[in-house]
Amino acid sequence: MPTLFDLAGKVAIVTGANTGIGQAIAVSLAEAGADIAAVGRTPAEDTVARVRALGCRAEIISADLSSIAPVQRIVDEVLEKFGGLDILVNNAGIIRRADSIDFTEADWDAVIDTNLKVLFFLCQAAGRHMLAQGSGKIINIASLLSFQGGVRVPSYTAAKSGVAGLTKLLANEWAAKGVNVNAIAPGYIATNNTAALQADETRNREIQERIPASRWGQASDIGGAAVFLASAAANYIHGHTLAVDGGWLAR
Ligand code: NAP
109 MPTLFDLAGK
119 VAIVTGANTG
129 IGQAIAVSLA
139 EAGADIAAVG
149 RTPAEDTVAR
159 VRALGCRAEI
169 ISADLSSIAP
179 VQRIVDEVLE
189 KFGGLDILVN
199 NAGIIRRADS
209 IDFTEADWDA
219 VIDTNLKVLF
229 FLCQAAGRHM
239 LAQGSGKIIN
249 IASLLSFQGG
259 VRVPSYTAAK
269 SGVAGLTKLL
279 ANEWAAKGVN
289 VNAIAPGYIA
299 TNNTAALQAD
309 ETRNREIQER
319 IPASRWGQAS
329 DIGGAAVFLA
339 SAAANYIHGH
349 TLAVDGGWLA
359 R
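Under this note's numbering, the first residue of the sequence shown carries the number 109, and numbering increases by one thereafter.
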């Protein structure tokens, strides 16, 4: 039964789909009917198996997203294997923690390259196809640090603030051409990315106490927002960064 949220027949790229939030988004999109191109450096075998078990197509596209070298090849491979591209979820990302006073150029460049530069050029490569077909949905994974400063994560805060800005810029350029560009800002989600925070007993307790929902998020908490933004239900939403944070930003 077609609904506003139906993604049957749509093809979605999800970067970093082997684990954490990317895996959860890929499975949720497939539950709504989308075929999944799982792009990343660690083969997303488990994700592909779960998507196929739902009756959708899934393929692994191997790519190291620390540089823009594979970007055009990714889009070409998806078009060749699936015959289309409707949704791009820019999820792959890394974080480096150190006091700003000691922060290295290597930790700056690594995070900016993967979380911001590659994200932009994937938007561009997918955007070329979507603009030509007159439709498409791009969902960038931002962060609470698109809104707040954070501590000891200068390149991550710069990158994620940049993601929110780029999301608005691309929406300004592409909204009238049928392409929706939006972002999701996950709150504190229990994944590899936050393993250090979860393991620090004091920080873990402080974080949990500050979250109105009174718990860390699970990766699966992000899936519904991704389905929504990828679907016709979000056709008039452009340039928005949607916080899925258990109420963190409300406090
Ligand atoms: P995660 O479990 O560490 O997943 C990160 C994903 O990015 C993995 O699939 C990883 O692949 C991939 N990736 C990193 N560098 C890559 C590269 N050079 N090439 C290809 N793939 C690469 O963390 P997560 O929490 O699910 O993070 C997903 C996104 O959500 C990130 O953008 C993160 O910044 C954002 N986010 C997370 C939280 C949170 O609380 N967890 C909050 C806000 C935003 P490998 O497994 O091969 O490393």
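Glycine included, C-beta positions come from ideal geometry on N, C-alpha and C.
Ligand 1 heavy atom lying under 7 Å from the CB of residue i
i      : result
Thr302 : yes
Ser174 : yes
Ile246 : no
Ile203 : yes
Thr360 : Because residue 360 is not part of the residues shown, which for the chain are 109 to 359, the question remains open.
Thr299 : yes
Ser251 : yes
Asn126 : yes
Thr349 : no
Arg149 : yes
Asn223 : yes
Gly130 : yes
Thr275 : no
Asn199 : yes
Thr123 : yes
Pro262 : no
Ala157 : no
Tyr296 : yes
Bounding residues of the alpha helix (DSSP H) (the contiguous stretch that carries residue i)
i      : result
Ile315 : Glu309 to Arg318
Ser269 : Pro262 to Trp282
Leu187 : Val179 to Phe190
Asp215 : Glu213 to Ile220
Thr155 : Glu153 to Ala161
Coarse secondary structure for residue i, derived from DSSP in three states
i      : result
Lys245 : strand
Met109 : The predicted model places Met109 with a pLDDT of 48, which falls under 50 and marks its position as unreliable; any figure quoted below should be read in that light. Reduced to three states, the DSSP call for Met109 is coil.
Thr123 : strand
Asp143 : strand
Ala340 : helix
Ile292 : strand
Gly148 : strand
Leu115 : coil
Gln326 : coil
Ile129 : helix
Ile209 : helix
Extent of the continuous beta strand (DSSP E) to which residue i belongs
i      : result
Ile195 : Ile195 to Asn198
Val259 : From DSSP, Val259 is part of no beta strand (DSSP E); its letter is neither H nor E.
Thr349 : Thr349 to Val352
Ile169 : Ala166 to Ser170
Supposed close pair residue i, residue j - CB separation, criterion 8 Å
i      : j      : result
Val261 : Ile297 : That pair is no contact at about 15 Å.
Ser263 : Asp215 : 6 Å
Leu152 : Ala125 : The question names Leu, yet the displayed sequence has Ala at residue 152. Sure, about 5 Å apart at Cβ, within 8 Å.
Val183 : Ile247 : With a Cβ gap of about 16 Å, Val183 and Ile247 do not count as contacting.
Ala279 : Gly347 : 3 Å
Thr222 : Ala291 : Not a contact, Cβ separation roughly 16 Å.
Ile220 : Ala284 : 30 Å between Cβ atoms; not a contact.
| If you pair each beta-carbon of the segment 109-120 with each one of the segment 138-151, do three or more pairs fall below 8 Å? | yes
| Validate contact between the segment 161-176 and the segment 215-232 using beta carbons, cut 8 Å, 3 pairs | yes
| message | Could you check whether the segment 131-139 touches the segment 328-337, counting it as contact only if at least three pairs of C-beta atoms, one from each stretch, sit closer than 8 Å? | response | yes
| Given 8 Å, three or more beta-carbon pairs between the segment 191-202 and the segment 121-130 | yes
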